[in-house]
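For what it's worth, the numbering used here labels the leading residue of the sequence shown as -3, then goes sequentially. Glycine is no exception: its CB is placed at the ideal position from the N, C-alpha and C atoms. A short write-up of the structure that comes next.
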Amino acid sequence: MRTVNAYAATSATEPLVKTTITRRDLGPNDVEIDIAYAGICHSDIHTVRGEWGEIQYPQVVGHEIVGHVSAVGSDVTKHQVGDRVGVGCMVNSCGECENCVAGEEQYCLKGNIQTYAGVDPADGSITQGGYSEAVVVNEDFVLRVPESLDIERVAPLLCAGITLYSPLHHWGAGPGKKVAIVGLGGLGHMGVKIASALGAEVTVLSQTTSKQEDSLRFGAVAHFATKDPKTFEELRGSFDLIINTVSAKIPVGAYLSLLKVDGTMVNVGAPSEPLEVPAFALIPRRLSWAGSAIGGIRETQEMLDFCAEHGILPETELISADQINEAYERVLSSDVRYRFVIDTATLA
């Protein structure tokens, strides 16, 4: 077992604090990773503050992890010591259900094991995430990070990147398709970059035009303010696909009006309160309203390779571990463009 430095939540209301945690012994199919960088996701904040249900404290969060392999188990074949690797939102699954067999571990029928706040099947402990110096993960859930991707910036691809790549890929974003991204935050800015690289015509729908310059720089052809009622009149029936990245209540019917016949609106943002969907916003044009999680391991590797091929990286701000609590407050006030990354060397 290995003791490492980490930053943990001790309750739903207290700031995160520096501590130590113990990583389990390396099993025959395990990979030990020295973590170099860890991204901060809004999900981390929801989790430690108990907004998505009760958790066991102390809890180390972080599911956007990149680093280097420091040791491998006796039966490991996919990774070697020194490899650049990443870990995303899950670290295990049943491996037997039809979804796991199909490479869709994110939809494991028995429930996949989350990178943090889950129960590790290896020893029954509560999984602890990436705000730490090292982690031990089953080799099947460790991803290869292409050398061309800047390791300092790549971490958010393991959550934000795949969260947008998966629905864009599944619903066929590409040449000849018009795609709208709702919200230009940590998720949304990745959606613009990826959809544009896939060949779609991308429009950003944001509350105001304050981020218009960024939208166009990331590959969008247009940016509209949703606070302007004329936006919904002008864009009625315009899009094949809308990806909603906003974790807040929105007038779903108004956004559905922007879809063409057979269009789909996909929610990847997860508001805490229910969204209302008028039936007659869907019926007249055979529309679909859907949800999407992250991708499976195979698709996540595909996403990393795609981003390497197209030079896609998130926009990041590098922070030290003692800035995590400040970063949380800035995330909540939308004061980041567009993702925080922790330099885990500062945990030493």
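Suppose contacts are defined by Cβ-Cβ distances below 8 angstroms. Is residue i in contact with residue j by that definition?
i: F137; j: V188; result: no
i: L22; j: A67; result: yes
i: T123; j: I290; result: no
i: V200; j: S192; result: no
i: R142; j: P310; result: According to the sequence displayed, residue 142 carries Pro and not Arg. Their beta carbons are not under 8 angstroms apart, which means P142 does not touch P310 by this criterion.
i: G63; j: D40; result: no
i: K245; j: E230; result: no
i: G69; j: N1; result: no
i: Q297; j: L180; result: no
The alpha helix (DSSP H) that contains residue i, what's its start and end?
i: V150; result: Element bounds for V150: n/a, residue is neither H nor E.
i: R294; result: I293 to H306
i: V257; result: From DSSP, V257 is part of no alpha helix (DSSP H) but of the beta strand (DSSP E) over L255 to N263.
i: I41; result: H38 to V44
i: I17; result: Per DSSP, I17 belongs to no alpha helix (DSSP H); it is in the beta strand (DSSP E), V13 to R19.
i: G249; result: V248 to L252
i: A277; result: A275 to L278
Ordered along the chain, which non-local residues of its own chain (more than five positions away) have a Cβ less than 7 angstroms from that of residue i?
i: Q102; result: M86, N108, A289, I290, G291 and G292
i: P163; result: I239, V262, V264 and S288
i: S284; result: T260
i: T16; result: T(-1), V0, N1 and A2
i: V198; result: V175, I177, V188, A191, S192, G215, A216 and V217
i: C104; result: S89, C90, C93, N95 and C96
i: A323; result: I36, I315 and F336
i: P117; result: N88 and I109
i: E272; result: V248
First and last residue of the beta strand (DSSP E) that includes residue i?
i: K174; result: K174 to V178
i: Y33; result: D26 to G35
i: V77; result: Per DSSP, V77 belongs to no beta strand (DSSP E) and is neither H nor E.
i: A8; result: Where A8 is concerned, there is no enclosing beta strand (DSSP E), given that its DSSP letter is neither H nor E.
i: W285; result: S284 to G287
Please return the same chain residues whose Cβ sits closer than 6 angstroms to the Cβ of residue i, not counting the five positions on each side in sequence.
i: V115; result: none
i: D119; result: R20
i: L154; result: E60, G82 and G84
i: H157; result: It is worth fixing the name first, because residue 157 is Gly in this sequence and not His. So the qualifying residues of the chain are M186 and M299.
i: H42; result: W48
i: S202; result: L180
Which residue or residues does DSSP assign as beta-bridge partners of residue i?
i: S410; result: Since the displayed the chain opens at -3 and closes at 344, residue 410 lies outside it and no answer follows.
i: Q110; result: M86
i: F336; result: E313
i: H64; result: D30 and R80
i: L139; result: G82
i: I320; result: According to DSSP, which records beta bridges pairwise, I320 is partnered with nothing at all.
Near residue i, what residues of its chain come up, given a Cβ to Cβ distance below 8 angstroms and the 5 sequence neighbours on each side ignored?
i: R282; result: V257 and D258
i: D146; result: L309
i: V72; result: P24, N25, D26, V27 and E135
When you measure from the CB of residue i to every non-hydrogen atom of the ligand MG, does any distance come out below 7 angstroms?
i: L314; result: The model depicted lacks the ligand MG and carries no ligand whatsoever.
Within the region 155 to 241, ranges of the beta strand (DSSP E) (whole runs, at least 3 residues): 174 to 178, 197 to 202, 218 to 221 and 235 to 240
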